[in-house]
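Have a look at the structure below before the remarks.
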Amino acid sequence: IEVNQATQTTTNTITLVAQRSTAVRVTVGVTGAAAAVTGVTGRLHVFVDGSEITPVAGLLPINAPFTAPLAPQRANENDTLNFELLAPTGISLSTNVDFHVDINPVAGETDTTNNSGEVNDLSFECRATPHLFFTRINFAGHGLPALSTVQAGTGDAFVRGILPVNDGDPLLYRQGLFPTLTFNQDDNSNGILDGCPGAESDVLLSLLESCRQLIVSNGFGTDDRTFLFGFINGNPISGNGCASVGGRVSYGNTEAIRYQRSYAHELTHNFGYSHNASFLNQVGWDVGARLPNNPAGNNTSGRVKPTSLFDIQVPGQLTNSAYIKTGLPDGYNGLLAHPTLACGGLDFSSQVLVVQGIFNSQGTGLIQLKPVFRYPWPSRPTPPPPPPDPLVPRVFPFQVQVVDANQNVISVPFDPTVADDGINEVEGPGTFEVMIPLAGPANSLEITDASGATMFGGFVRSATPPTVRVRSPQGGATLEGPTKIMWDVVDPDSSPSELMFQAAYSPDKGQSFVPIGVDLTTNELDFDPSSVQESAGSGLIRIFASDGLNTSFIDVPGLTVRAPLARQICIGSTLGEAGQRVTVPITLDNGLGVAGFQVDVGFDPSLLNPAGVRLGADTAAATGWTINSAMVGFGVLRVLGHSNPPAGFGAGPKEVALVDFDIAATAPIGPMTPFRLGNCVLSDANGLQIPCNSCPQPGQVVVRPAGSFSFRPINSPVGVDQFDPLPFPSTVEALTFTNTLATGYNGTASMSVGPVCAGTLQPASLPFFSGVGNGTFTIGCCLDPLLPMTRTPLKLQATDAAIGISGVSAPFNGVAKADLNADNAVNVLDVLRAINFSLNLPVSSPPPVTFQRWAANMLDQNCSVDALINVLDIVRIRNKALGRPPLCPCSVGGVGTLTEQAAVLASPVTPFSISLEKAGARD
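Residues 88 to 1010 (my numbering) make up the sequence shown, in order.
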């Protein structure tokens, strides 16, 4: 019984790790048979400290029934009965783990006493889970690799197979929650990432080192268990990949046949491994078949890893030609013994000096020494890897010497070796990072050789640290869509060329951080909120500045950061008549960041014909927008708009285009089928796509039988009164858009009066027949608040909201009772006309006698009128002329009551008494 987690000896001497995926290979002996025995199966039982962790009935094999060969070979996957327990296995830390196997009897078997076997008292130890972050890199326009290629379970399939940790831990391998990287340094313009060591490769590794330093979790910064790998699309790399040997960063290809092994190769460089020419010395096993056909192009099949395969550190190999050997210090046992994977807490230090630079490939000079950064969070320096020979101390060719404020000298040795994965293996000086805990300020720093005799570069601390002020965004802002971060810096004793900036984002008020811009030498940064974790008021952007040995930073707190919400594009509705040209708007519910758009509009070509597109209200108000259109299919019009130079809208609804259509002359009255929207594409100013959806209810064209209403003249005056209004006639015509009578209109219009007297018109509707509506109306309105004026201009309005047409009459005069001559006042002229009516004497015109008779017939105390005009009406008209209260005032809240303040208020009546006494002697 062999218990294998990646590789193993036949006697199970290689250390096993708790919770790690585990294979159990059972070699079944065959005696007394002339040929291999078919139909063999069995059950596995696993016990931890005496308690079974497998099902009570046992675990079934993965290859049952199998054929037990006469001479089984470990290199043959199906020469053994195989079981697998996938992580987390349930096998916890223990020195007492037992594996018991029962083989089922087969037909004709005479002795079943030897059908069970076990291996007992195996130890399963603790190993710490490293944090393997990855990012995707767009190198020189090659684009980003597909996320599905590098995602967990695929990109790390080889690594999970050979790294002796709990491979089921979700924190083992994950995408860094920060922007993907764009790297365009291609010094010879050959489209190949050259070097390792070399300028192009070293700069990329150094960039990754700066990113790694800004990965902060739960208030703690990077440590020696934090790794960062960059995947490049395809394989435009001179040596398949590159790593900092003993460092924590590397990059590699995504060529299907090799990239999974390349990643594992570079990762073991990070653990300090160097190239070798070894084959496997024990048969390995890919537990769970992580690699076969994952992806299809890796040409890998089966779980077993025979000794004919190369070790992981043989350079230039394919995924199906390598695995990992055992042994120290550069095999599986070396990983098991590596201090980075040792369980237990880590010692963190605050204000660690982060020293980064690049040596030339000969190691004779510094190409770059970056300004030193000191971050406020605790972090842990990466210790040097174990020496190749435990009995021979490792020799470091260089050192960092720091002099603190008390003139103490701290020396930290380092090795800047980087290594590729090419057939013609290359290792040599290049990128380096050294982290140095230091309690106080550093007065000076030098990079020297191991003896200290040769100084390659350094810094002397200046008196004044840089001061940073962020101009944009401001604290409390909402960042949605591409955002430019801009800041100012003041440093009186450093030139701008001596400054470097790092930018980090926190979604949780500074408890965790990710990089959003590193190794910056200008005062601005383009930031894409969709590339980081969202935050609702808890987001924070931190800008660091270093002038060499002084680090300062500034925070922008209270940010709401979110990916651009999907914009919704829509097309509106309109109404028109057959043969008419109509316009429909194209709108966005939120134009924030949109610098260009495209949408396909589907319509019925038998009823509509596109006549052109124009700028919408918001694209016209902005500068530089152009709108174009073209038919791209039967009944499909593509509308495309863009700004030049590219500039995104601000937030809020936007009208981006107007589309003109001609309605067919034969179009039937009624609504057409709604427009169809598709193929919506929105772009920001950088050419990045903004999510876009079509609105659920696009608009439509409604064909109507008329386009407007026209009133025939209304004769003035019109008698207006709350209780006794004078009926008057009105005729309304429905017209087409060519101003001809719309004989096909037979609808009903809503009728109203204004501007005063609203709601007092009766009836409130008017039926039409063949385009003409005739009606008699009254206006039950109280004009008393206008006294001493008695006349007001009025208009009638006809509306058919269903088809969006209306019309307004010319003004006419509404006149109250008592103003017989309609001159906007009640005076002696009106009294005399009333007297003439009462005496049956002639009354002159204008206004019409019928109006004057109505005006002279005043309301009594019961708000009624009689059939006669007599002295009662004369007295009532005279009282109104004198400003005395009417017998029938307008009732409060009554129909037609005006809300305006009266121009003149009648004086209240004060009762008085009179006594009479006869003159002279009394009887």
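Positions of the beta carbon are idealized from the N, C-alpha and C atoms, including for glycine.
query: Alpha-carbon spacing of Asn966 relative to Pro972, whole angstroms; result: 7 Å
query: Validate contact between the stretch 293-302 and the stretch 477-491 using beta carbons, cut 8 Å, 3 pairs; result: no
query: Simplified DSSP state of Val601, which is helix, strand or coil; result: strand
query: Among Arg214, Ala121, Asn99, the one whose alpha carbon lies nearest that of Glu205; result: Asn99
query: Pair within 8 Å by beta-carbon distance, Ala591 and Pro579; result: no
query: Sequence-distant residues of the same chain with beta carbon closer than 6 Å to Glu533, five excluded per side; result: Gln488, Met542, Gly545
query: Among Ser581, Arg668, Val643, Thr825, nearest to Lys596 - alpha-carbon criterion; result: Val643
query: Cys298 classed as buried or exposed, judged by whether at least 16 other C-beta atoms fall within 10 angstroms; result: buried
query: Under 8 Å between C-beta atoms of Gly722 and Gly689; result: yes
query: Segment contact flag, the stretch 208-217 with the stretch 153-163, C-beta cutoff 8 Å, min 3 pairs; result: no
query: Burial state of Gln449 (16 or more Cβ within 10 Å); result: exposed
query: Which residues DSSP lists as bridging His218, in chain order; result: Thr313
query: Contacting residues, own chain, Cβ-Cβ under 6 Å from Asp887 (five flanking each side not counted); result: Gly834, Ala836
query: Counted within 10 angstroms of its Cβ, other Cβ atoms place Leu985 as buried (16 or more) or exposed; result: For Leu985, the predicted structure reports a pLDDT of 42, less than 50, and the residue's modelled location is therefore unreliable. A value from the coordinates is still provided. It is buried - the Cβ of Leu985 has at least 16 other Cβ atoms within 10 Å.
query: Cα-Cα separation, Phe265 to Gly563; result: 21 Å
query: Runs of beta strand (DSSP E) wholly within the stretch 781-836 (minimum 3 residues, chain order); result: 788-790, 795-798, 815-822
query: Distance between Asp687 and Trp372 (C-alpha atoms, nearest Å); result: 55 Å
query: For Ser618, the three-state DSSP class (helix, strand or coil); result: helix
query: Leu873, buried or exposed, once every other Cβ within 10 Å from all chains shown has been counted against 16; result: buried
query: Val479, enclosing beta strand (DSSP E) - first and last residue; result: Premise fails: Val479 is in no beta strand (DSSP E) and is neither H nor E.
query: Continuous beta strand (DSSP E) stretch holding Leu695: start and end; result: 695-702
query: Other residues of its chain near Val459: CB distance less than 7 Å, five sequence neighbours each side excluded; result: Leu440, Val441, Val442, Leu532, Phe546, Ser633, Gly635, Leu636
query: Helix, strand or coil at Arg223 [DSSP, three-state]; result: strand
query: Entirely enclosed beta strand (DSSP E) segments - the stretch 420-456, minimum 3 residues; result: 440-446, 453-456
query: Ser584 in three-state terms, based on DSSP; result: helix
query: Beta-carbon gap between Asp705 and Lys741 smaller than 8 Å; result: yes
query: Simplified DSSP state of Glu664, which is helix, strand or coil; result: coil
query: Own chain residues within Cβ distance below 8 Å of Asn305, not counting five before or after; result: Gln598, Ser599
query: N-terminal and C-terminal residue of the alpha helix (DSSP H) that Leu959 is part of; result: 958-968
query: Buried/exposed call for Arg668, threshold 16 Cβ in 10 Å; result: exposed
query: Alpha helix (DSSP H) segments (min. 4 residues) lying fully within the stretch 104-180; result: none
query: Presumed contact (8 Å Cβ cut-off) between Ala650 and Ser693, rounded CB distance; result: Actually they are not in contact, since the Cβ atoms of Ala650 and Ser693 sit about 42 Å apart, beyond 8 Å.
query: Segments assigned alpha helix (DSSP H), at least 4 residues, entirely inside the stretch 316-373; result: 346-357
query: Bridge partners - Gly683, DSSP secondary structure assignment; result: His729, Ser770
query: Under 8 Å between C-beta atoms of Leu396 and Phe366; result: yes
query: Outcome for Ser349 when other beta-carbon atoms lying within 10 angstroms are tallied against a minimum of 16; result: buried
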